[in-house]
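Chemist: Got a structure here, written out as structure tokens. Questions coming.
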Amino acid sequence: MGIGGFRIVTMEFDSDPTDTVMEVVFTFEIREGGRVRIEEDQHEMGLFSVDTWVRMMERAGFAVQLRPFPAHADGRDAWLIVGVRR
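Residues in the sequence shown are numbered consecutively from 3, following this note's numbering.
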């Protein structure tokens, strides 16, 4: 029996904007055999500056490139961080 439908909904919560972590809740709606099943998964995720990402990736042995990435409708800067294993 195959999956009849699948949807993921994410919600992000940042209870303390001064720290570097946030909570993300993933809700999975899975339709199989005429029934819908709901699964939920919660994660604490880190928010790091671009400098921190570059430093950590270089320490792990990657050559790092920053490429502008148009992610925000209001024109704020965003970056695609590309790591190539040395």
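The beta carbon of each residue, even a glycine, is placed where N, CA and C say it ideally should be.
Small disclaimer: the values here were computed from a predicted structure and weren't measured.
1. Out of D16, D18, F15 and D53, state which residue places its alpha-carbon closest to the alpha-carbon of W90.
2. Beta-carbon separation of V23 and M47 under 9 Å?
3. Quick check: the Cα distance between M58 and D76, rounded to an integer number of angstroms?
4. Please report the straight-line C-alpha distance between V26 and E42, rounded to a whole angstrom.
5. So the candidates are T12, A62, P72 and R87; which of them puts its Cα closest to the Cα of E31?
6. Rounded to the nearest angstrom, how far is the Cβ of F50 from that of V86, given a contact under 8 Å?
Modeler: For this structure:
1. Outside the modelled stretch of the chain, which goes from 3 to 88, sits residue 90, for which no answer is possible.
2. The residue labelled residue 23 in the question sits at position 21 within the sequence shown. The residue labelled residue 47 in the question sits at position 45 within the sequence shown. In contact: V23 and M47 (Cβ atoms closer than 9 Å).
3. In the sequence shown, counting from the first residue as 1, residue 58 sits at position 56. In the sequence shown, counting from the first residue as 1, residue 76 sits at position 74. Distance between the alpha carbons of M58 and D76 is about 29 Å.
4. For this step, residue 26 is matched to residue 24 along the sequence shown. For this step, residue 42 is matched to residue 40 along the sequence shown. Their Cα atoms are separated by approximately 11 Å.
5. Residue 31 sits at position 29 when you count from the first residue of the sequence shown. Taking only the C-alpha atoms, the option nearest E31 is T12.
6. Counting from 1 along the sequence shown, the entry for residue 50 is found at position 48. Counting from 1 along the sequence shown, the entry for residue 86 is found at position 84. F50 to V86, Cβ: 20 Å. No contact.
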